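Note that the working numbering gives residue 119 to position 85 of the sequence shown, counting from 1, and the numbers run on in steps of one. Please read the structure below before turning to the comments.
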Amino acid sequence: MHDLTGFQRDLLYVIAGADRPSGQTVKDEVEKYYSSEINHGRLYPNLDTLVNKELVEKGQLDRRTNYYAITESGRQRIQERREWEAQYVDF
Numbered sequence: 035m036h037d038l039t040g041f042q043r044d045l046l047y048v049i050a051g052a053d054r055p056s057g058q059t060v061k062d063e064v065e066k067y068y069s070s071e072i073n074h075g076r077l078y079p080n081l082d083t084l085v086n087k088e089l090v091e092k093g094q095l096d097r098r099t100n101y102y103a104i105t106e107s108g109r110q111r112i113q114e115r116r117e118w119e120a121q122y123v124d125f
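Structure, rendered in C-alpha cells:
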C-alpha cells in the first residue's frame, strides 16, 4: 500500500466493501466520505492505476457501464495494511 496515494487506498477499500460496484457507485461512496464532489478526471485515472497494479479487476456490466472488483492481491494488500496499522493503533 505504500505505493498508493491515500485517495487510491480509499478507492480500494470502497471496492473491497462492495459487490462489483460501477465507477459511479465508487464515486458516490467516496464523495460521501470526502464531503465533496470527485470529478471524473480524478476518479478514473486512479481506478485505472489500481487495475494496472492488479489490485482491482475491471469488467463490463453493459456497453456503457464498467464494474470494479477487488482481486486476491488487493485483498492481501488490505490485510497487510490492517496488520501494520494494528501495530500502532489499538482502540
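In this text, a Cβ means the ideal position worked out from N, Cα and C, and glycines have one as well. Quick caveat: nothing in here was measured; it's all calculated off a predicted structure.
Where the beta strand (DSSP E) containing G93 begins and where it ends: For G93, the enclosing beta strand (DSSP E) stretches over residues 90-94.
Cβ neighbours of A52 in the same chain (closer than 7 Å, five flanking residues each side left out): The answer, listed in chain order, is T59.
Rounded separation between V48 and R109 - CA only: Using only the alpha carbons, I get a separation of about 12 Å.
Proximity winner among L95, N80, D96, R97, relative to L89 (alpha-carbon distances): The option with the nearest alpha carbon to L89 is N80.
Beta-bridge pairing of N100 - partner residues as DSSP gives them: N100 is bridged to Q94.
Identified DSSP bridge partners for S56: Residue pairing by DSSP places S56 opposite Y101 in a beta bridge.
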